[in-house]
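First up is the structure itself, then whatever we jot down about it.
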Amino acid sequence: MAMIEFKNVEKYYDKFHALKNINLKVEAGEVVVIIGPSGSGKSTLIRTINGLEQVNEGQLLVTNFDLADKKTNIDKIRKNVGMVFQHFNLYENKTVLENIMLAPRLVLKRDEAENKKIALDLLETVGLADKAQSYPRMLSGGQSQRIAIARSLAMKPKALLFDEPTSALDPETIDDVLKVMKDIAKNEGITMIVVTHEMGFAREVADRVVFMADGQILEDDTTAEFFDNPKEERAKKFLSKIIKH
Amino acid sequence: MITIFTENWQALLTGLGYTLFSSILALFFSLIIGSFFAILEEMPYRILKIIARIYIEVFRNIPLLVVAMFFYVVVPMYVTNINGFTAGTIGLTIYTSAFIAETVRAGIQAVDPGQMEGARSNGLTFMQAMFHIILPQAFKYVIPPLGNQFINLVKNSSVLAFVAGFDLMYQGDIIASTTFDTINTYIIIGVLYLIITMPLSYYMRHLEKKLS
Chain A
1 MAMIEFKNVE KYYDKFHALK NINLKVEAGE VVVIIGPSGS GKSTLIRTIN
51 GLEQVNEGQL LVTNFDLADK KTNIDKIRKN VGMVFQHFNL YENKTVLENI
101 MLAPRLVLKR DEAENKKIAL DLLETVGLAD KAQSYPRMLS GGQSQRIAIA
151 RSLAMKPKAL LFDEPTSALD PETIDDVLKV MKDIAKNEGI TMIVVTHEMG
201 FAREVADRVV FMADGQILED DTTAEFFDNP KEERAKKFLS KIIKH
Chain B
1 MITIFTENWQ ALLTGLGYTL FSSILALFFS LIIGSFFAIL EEMPYRILKI
51 IARIYIEVFR NIPLLVVAMF FYVVVPMYVT NINGFTAGTI GLTIYTSAFI
101 AETVRAGIQA VDPGQMEGAR SNGLTFMQAM FHIILPQAFK YVIPPLGNQF
151 INLVKNSSVL AFVAGFDLMY QGDIIASTTF DTINTYIIIG VLYLIITMPL
201 SYYMRHLEKK LS
């Protein structure tokens, strides 16, 4: 049973065909990186997985629930599938600690003492134990993103979605965030889908790379195969450009 | 002016009391009802949006006096017997709630949509996200316009005078028509309204500064 499975998924924004015949299977524990030029549908694709975008046709199975079915209770999926955004989306009105503790308290009804312990441990893990009482506006981008990752991890998700997690960060803070992500990929056994332009990250931790363009999946290969021996002309072009930078 | 006050202080204080009481009731309930319709309009269901829209548009666009008269005249005739104070206060609450709904909705929309996406992705339901994340931020944005609504509410409570609601304006009309000293009477009434609205205005400013 795959963790996430797209079967002939189509997605439209009015007349614009955003996702074209998507077929993709992600097994539990797999780390999949999605790359491609901007406007290729990467973000749309990842946002359909936790229902932030609706799919119009086909089947989208996530932890056994079909997201294309309107009767599916989306909150049940979101409990198990976390998301990390480009712009963090930390709760502006809550402290860092409260950001991490809120959802486990409300959704999982986790015991308060245990909840706090888990939150503080996570802050330790992402190297920001001293920021527990800070508000998001007092944090740098890199710090915010690490808190956002800790917030997602607090739910003990089966899968984590990363939507360009380092694209809005200063270059010097990107490494801290990537390090946290690599640790998760290597140690936690959580299924990860990552939309990113960080090729070093993809090479190091991804099991597979999916290349998208114009709303289609053009290539879906093991990491080594994709980087060393890309088949599609557009993937070759994209790689040569991105590696030159 | 002094004699007007010394000879009628009981009536004036009674009026002040009724005005204050009506205002506090209307403020409390219009804030709840207004926020309720604001949330309803932001819900991802078309039918709820339409219901909220109708409520807001109807009561925002009918004169307060008409709403109050409806409760004073029509409701006792067909539904249940209510006095002028109750009728006026209900009218005031409904009328103000329509404006508060618009204000709160604007506040909700001013909050970064990423906050809702973040909360929902974190597993929170729409309502949990609304009450824990969105509304606290929205209210911070809407304190200045909400202050305006509250001050308008206190002044609009003078509608009670038309439905025998024993408020300040009602007492003023009686004093003016018995003493014939209209100028001094209405000056005193105006000052008494200021005694309510000025501290309210000051408090809202203070709240705005504290939260920013």
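Which chain is which? The protein sequence lines are A and B, in order. So in the UniProt record's numbering, spot 84 of the first sequence is number 84, and the numbers just go up one at a time. So in the UniProt record's numbering, spot 192 of the second sequence is number 192, and the numbers just go up one at a time. Even glycine gets a Cβ: it sits at the ideal position worked out from N, Cα and C.
Three-state secondary structure (DSSP) of residue i
| i | result |
| --- | --- |
| B/Thr182 | helix |
| A/Asp14 | coil |
| A/Lys116 | helix |
| A/Asn73 | coil |
| A/Met181 | helix |
| B/Gly114 | helix |
| B/Glu42 | helix |
| A/Arg110 | coil |
| A/Met83 | strand |
| A/Val126 | coil |
| A/Gly51 | coil |
| A/Glu188 | coil |
| residue 283 of chain A | Absent from the model: residue 283 of chain A. The displayed extent of chain A is 1 to 245, so no value can be given. |
| A/Val209 | strand |
| B/Gly123 | coil |
| A/Leu7 | Residue identity differs from the one stated: residue 7 of chain A is Lys in this sequence, not Leu. Residue state, collapsed to three classes: strand. |
| B/Val79 | coil |
C-beta contact flag for residue i and residue j at 7 angstroms
| i | j | result |
| --- | --- | --- |
| A/Val26 | A/Ile4 | yes |
| B/Phe71 | B/Ile100 | no |
| A/Ala206 | A/Val62 | no |
| A/Asn99 | A/Leu90 | yes |
| A/Leu123 | A/Ala132 | yes |
| A/Val195 | A/Gln145 | no |
| B/Thr185 | B/Val154 | no |
| A/Asn115 | A/Pro104 | yes |
| A/Ala129 | A/Val31 | no |
| B/Leu40 | B/Ala52 | yes |
Residue i to residue j span [Cα, whole Å]
| i | j | result |
| --- | --- | --- |
| B/Ala129 | B/Ile183 | 54 angstroms |
| A/Gln143 | A/Thr173 | 8 angstroms |
| B/Ile94 | B/Ser35 | 12 angstroms |
| A/Asn56 | B/Arg205 | 49 angstroms |
| A/Ser167 | B/Ile195 | 55 angstroms |
| B/Tyr78 | A/Ala119 | 59 angstroms |
| A/Ala148 | A/Pro165 | 10 angstroms |
| residue 283 of chain B | B/Phe166 | Here chain B covers residues 1 to 212 and nothing more, so residue 283 of chain B does not appear. |
| B/Leu168 | B/Thr3 | 18 angstroms |
| A/Asn80 | B/Thr103 | 36 angstroms |
| B/Asp173 | A/Ser134 | 57 angstroms |
Buried/exposed call for residue i, threshold 16 Cβ in 10 Å
| i | result |
| --- | --- |
| A/Asp170 | exposed |
| B/Ile50 | exposed |
| residue 232 of chain B | Residue coverage of chain B in this structure runs from 1 to 212, which leaves residue 232 of chain B outside it and unanswerable. |
| B/Gln10 | exposed |
| A/Lys237 | exposed |
| A/Asp69 | exposed |
| B/Glu7 | exposed |
| B/Gly17 | exposed |
| B/Pro113 | exposed |
Short CB-CB distance (under 7 angstroms) between residue i and chain D
| i | result |
| --- | --- |
| A/Met181 | Here the protein chains are A and B, and chain D is not one of them. |
- Query: Which residues, in order along the stretch 108-122 of chain B, keep a beta-carbon less than 8 angstroms from a beta-carbon of chain A?
  - Reply: The residues in question are Asp112, Gly114, Gln115, Glu117, Gly118, Ala119, Arg120, Ser121 and Asn122.
- With 7 angstroms as the C-beta to C-beta threshold (strictly closer), list the residues of the stretch 123-136 of chain B near chain A in chain order. For the stretch 123-136 of chain B, which is checked against every Cβ of chain A, the residues closer than 7 angstroms are Gly123, Leu124, Thr125, Gln128, His132, Ile133 and Pro136.
- Item | Contact residues within the stretch 50-66 of chain A, judged by C-beta distance below 7 angstroms to chain B | Cβ contacts with chain B come from Asn50 and Leu52.
- Query: Quick one, which residues of the stretch 139-151 of chain A are near chain B if we go by CB-CB under 9 angstroms, in chain order?
  - Reply: Taking 9 angstroms as the upper bound on Cβ-Cβ separation, chain B lies near residues Ala148 and Arg151 of the stretch 139-151 of chain A.
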